[in-house]
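Report on one structure; see the data block that follows.
2 protein chains.
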Amino acid sequence: MARNSTITSSTFLLVNFVPFRLNRLADAVSRDLSEIYRDRFGLEIPEWRVLVTVGQRRECTAQHVAASTRMHKTRVSRAVASLTERKLIERVSCIEDGRELRLCLTKAGKKVYEVLVPLALERERTLLAKMSAGHLEGFIAALLELEDALGLNGE
Amino acid sequence: MARNSTITSSTFLLVNFVPFRLNRLADAVSRDLSEIYRDRFGLEIPEWRVLVTVGQRRECTAQHVAASTRMHKTRVSRAVASLTERKLIERVSCIEDGRELRLCLTKAGKKVYEVLVPLALERERTLLAKMSAGHLEGFIAALLELEDALGLNGE
DNA sequence: ACTAGATAGTTGCGAGCGCAACTGTCAACG
DNA sequence: CGTTGACAGTTGCGCTCGCAACTATCTAGT
Numbered sequence: 001m002a003r004n005s006t007i008t009s010s011t012f013l014l015v016n017f018v019p020f021r022l023n024r025l026a027d028a029v030s031r032d033l034s035e036i037y038r039d040r041f042g043l044e045i046p047e048w049r050v051l052v053t054v055g056q057r058r059e060c061t062a063q064h065v066a067a068s069t070r071m072h073k074t075r076v077s078r079a080v081a082s083l084t085e086r087k088l089i090e091r092v093s094c095i096e097d098g099r100e101l102r103l104c105l106t107k108a109g110k111k112v113y114e115v116l117v118p119l120a121l122e123r124e125r126t127l128l129a130k131m132s133a134g135h136l137e138g139f140i141a142a143l144l145e146l147e148d149a150l151g152l153n154g155e
Numbered sequence: 001m002a003r004n005s006t007i008t009s010s011t012f013l014l015v016n017f018v019p020f021r022l023n024r025l026a027d028a029v030s031r032d033l034s035e036i037y038r039d040r041f042g043l044e045i046p047e048w049r050v051l052v053t054v055g056q057r058r059e060c061t062a063q064h065v066a067a068s069t070r071m072h073k074t075r076v077s078r079a080v081a082s083l084t085e086r087k088l089i090e091r092v093s094c095i096e097d098g099r100e101l102r103l104c105l106t107k108a109g110k111k112v113y114e115v116l117v118p119l120a121l122e123r124e125r126t127l128l129a130k131m132s133a134g135h136l137e138g139f140i141a142a143l144l145e146l147e148d149a150l151g152l153n154g155e
């Protein structure tokens with residue numbers, strides 16, 4: 001149970017407050033992970049997310065990236081522009097719907113993808129290994145419950 | 001276990017990647033919580049954190065806030081300036097050490113603190129209630145393990 | 001066909017952030 | 001004492017972000 005369990009505000013400690021702890025943890029994990037895609041390839045979080053989202057399908061739209069990553073569409077737009085400029089992805093106008101731009105990885109983009117993904121998975125494994133087996137199970141299950149309750153996966 | 005468990009990059013799914021999921025979750029939780037301090041008092045996250053950190057002691061320095069919340073000192077500095085301008089905290093130059101500024105809540109600040117903290121705890125309780133009892137226990141324990149492993153509490 | 005509203009994506013703008021450099025103060029050491 | 005380095009806190013600068021507004025395209029209703 002959380003340690004801020006009483007109502008009396010005089011005992012409130014920010015370091016025991018779960019929303020704060022989640023933010024701080026997510027920040028530290030992101031910072032650690034960013035070493036992989038920033039230091040080696042000069043990519044930032046939005047570009048990394050777009051790259052792997054596009055990479056896990058043959059092609060997709062910016063709209064799909066925004067919806068599945070829950071990033072603001074302008075953030076996606078700028079990441080796509082940056083990746084296009086670096087020739088890691090290609091934008092192809094769609095024939096069926098002239099508003100859409102089909103995104104897909106270039107050869108160089110696929111190469112980066114193939115290098116980054118195993119490294120990222122390795123980092124994730126290292127992170128998860130910091131938890132004891134019993135807690136890890138509860139952690140992943142709880143994560144899923146929270147995501148579902150907050151509507152983060154489907155609407 | 002995480003669902004991205006194989007090395008083969010072709011099966012990588014961002015939505016199963018724990019660092020991403022943590023970020024997305026922390027973001028959603030923060031957004032939900034910010035309704036309390038933003039919509040009602042026009043405070044942003046940095047101000048909220050400074051307010052409650054100062055409020056949980058009689059007085060403290062900006063340095064202490066930065067260290068205990070792991071916020072950048074400039075972010076703290078600006079939040080302190082903002083709260084001072086709104087007359088929610090006071091800056092008193094320290095006699096023993098002329099570099100420090102002792103921070104403490106004003107009467108108005110204490111009032112805001114007394115209102116906000118119970119509301120925030122209520123939100124936290126609502127959040128935690130979304131997890132089943134068994135998972136909650138593992139979640140909190142795992143959170144602590146991760147924080148310790150990443151050096152987020154003590155150095 | 002024409003108009004009205006929805007949708008995909010881009011862009012100008014203001015706000016917030018981190019970095020590096022700065023000011024002012026303290027402590028140590030010759 | 002005076003100098004040097006550490007430390008508390010602030011500020012200028014450049015960058016990123018989200019919002020709102022925009023363009024271009026599609027869809028539906030008349």
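Protein sequence lines, in the order shown, are assigned to chains D and Z.
Numbered as in the numbering used here, the first sequence ends at 155 without a single skipped number.
Numbered as in the numbering used here, the second sequence ends at 155 without a single skipped number.
Note that the Cβ used here is the ideal one computed from N, Cα and C, for glycine as well.
Can you tell me where the alpha helix (DSSP H) with residue i in it begins and where it stops?
| i | result |
| --- | --- |
| residue 102 (chain D) | Careful: residue 102 (chain D) lies outside any alpha helix (DSSP H), inside the beta strand (DSSP E) at 101–105. |
| residue 50 (chain D) | 45–55 |
| residue 58 (chain Z) | Counting along the chain, residue 58 (chain Z) falls outside any alpha helix (DSSP H), and DSSP gives it neither H nor E. |
| residue 15 (chain D) | That residue, residue 15 (chain D), is in no alpha helix (DSSP H); it is neither H nor E in DSSP. |
| residue 82 (chain Z) | 73–85 |
| residue 140 (chain D) | 133–149 |
DSSP beta-bridge partners for residue i?
| i | result |
| --- | --- |
| residue 112 (chain Z) | Residue 112 (chain Z) pairs with nothing; no bridge assigned. |
| residue 92 (chain D) | D:102 |
In angstroms with no decimal places, state the Cα-to-Cα distance between residue i and residue j.
| i | j | result |
| --- | --- | --- |
| residue 154 (chain D) | residue 147 (chain D) | 9 Å |
| residue 21 (chain Z) | residue 67 (chain D) | 14 Å |
| residue 110 (chain Z) | residue 93 (chain Z) | 20 Å |
| residue 140 (chain Z) | residue 101 (chain D) | 43 Å |
| residue 33 (chain D) | residue 115 (chain D) | 14 Å |
| residue 26 (chain D) | residue 124 (chain D) | 12 Å |
| residue 130 (chain D) | residue 17 (chain Z) | 16 Å |
| residue 138 (chain Z) | residue 128 (chain D) | 13 Å |
| residue 136 (chain Z) | residue 12 (chain Z) | 28 Å |
| residue 14 (chain Z) | residue 64 (chain Z) | 37 Å |
| residue 108 (chain Z) | residue 71 (chain D) | 37 Å |
| residue 62 (chain D) | residue 19 (chain Z) | 22 Å |
| residue 142 (chain Z) | residue 142 (chain D) | 10 Å |
| residue 97 (chain D) | residue 59 (chain D) | 15 Å |
| residue 134 (chain Z) | residue 95 (chain D) | 52 Å |
| residue 31 (chain Z) | residue 99 (chain D) | 31 Å |
| residue 73 (chain Z) | residue 73 (chain D) | 31 Å |
Going by CA-CA distance only, name the one from the options that's closest to residue i.
| i | options | result |
| --- | --- | --- |
| residue 151 (chain D) | Z:105, Z:133, Z:29 | Z:29 |
| residue 104 (chain D) | D:131, D:140, D:57 | D:57 |
| residue 53 (chain D) | D:98, D:134, D:117, D:15 | D:117 |
| residue 85 (chain D) | D:98, D:69, D:42 | D:42 |
| residue 40 (chain Z) | Z:120, Z:12, Z:87 | Z:120 |
| residue 82 (chain D) | D:13, D:61, D:50, D:131 | D:50 |
| residue 36 (chain D) | D:63, D:65, D:122 | D:122 |
| residue 149 (chain D) | Z:126, Z:62, Z:14 | Z:126 |
| residue 144 (chain Z) | D:144, D:145, D:132 | D:132 |
| residue 90 (chain D) | D:142, D:74, D:55 | D:55 |
| residue 106 (chain D) | D:23, D:38, D:87, D:96 | D:87 |
| residue 112 (chain Z) | Z:38, Z:19, Z:31 | Z:38 |
| residue 23 (chain Z) | D:95, D:59, D:69 | D:69 |
| query | Does the stretch 76–85 of chain D come within contact of the stretch 36–52 of chain D, defined as at least 3 CB pairs closer than 8 Å? | reply | Segments in contact, yes.
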